[in-house]
Amino acid sequence: MENHCIEIENKKRICVTEVTSVEAFDEETILTNLREEGLIISGKNLHIEALDLEEGKLVAEGEIESLSYTKKKNGKGIFDRFSRFKR
665 MENHCIEIEN KKRICVTEVT SVEAFDEETI LTNLREEGLI ISGKNLHIEA
715 LDLEEGKLVA EGEIESLSYT KKKNGKGIFD RFSRFKR
């Protein structure tokens, strides 16, 4: 398993490493895939400040309320698993 790093500054800015993709985002949720699992960033007024998939780095700002990990199953992305809850 690759190590990833999450750095949160005052619940207003987040930096995540080992990001392989961002499947969906809006002002309340950012759905990302890490190398080994998914990560859901939840909050208010979220926006992606920087995304560099070559380096695997995501920087987002807003009011960060929670982070949740998801397991990868059958090669599906995080959005496929999360979308059933957003209907």
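Under the numbering used here, the sequence shown has 685 at position 21, and the numbering climbs by one with no breaks. Where is the CB? At the ideal position from N, CA and C, for every residue including glycine.
Reference residue i, options the options, closest by Cα
i	options	result
residue 707	713, 728, 694	728
residue 716	690, 709, 724	724
residue 726	691, 668, 667	691
residue 759	678, 735, 733	Residue 759 lies beyond the residue range present for the chain, which begins at 665 and ends at 751; the question has no answer from this structure.
residue 681	674, 667, 733	667
Identified DSSP bridge partners for residue i
i	result
residue 699	Per DSSP, none; premise fails for residue 699.
residue 679	671, 723
residue 716	721
residue 708	727
Cβ-Cβ distance between residue i and residue j below 8 Å
i	j	result
residue 720	residue 686	no
residue 712	residue 722	yes
residue 695	residue 689	yes
residue 731	residue 670	yes
Coarse secondary structure for residue i, derived from DSSP in three states
i	result
residue 736	coil
residue 687	strand
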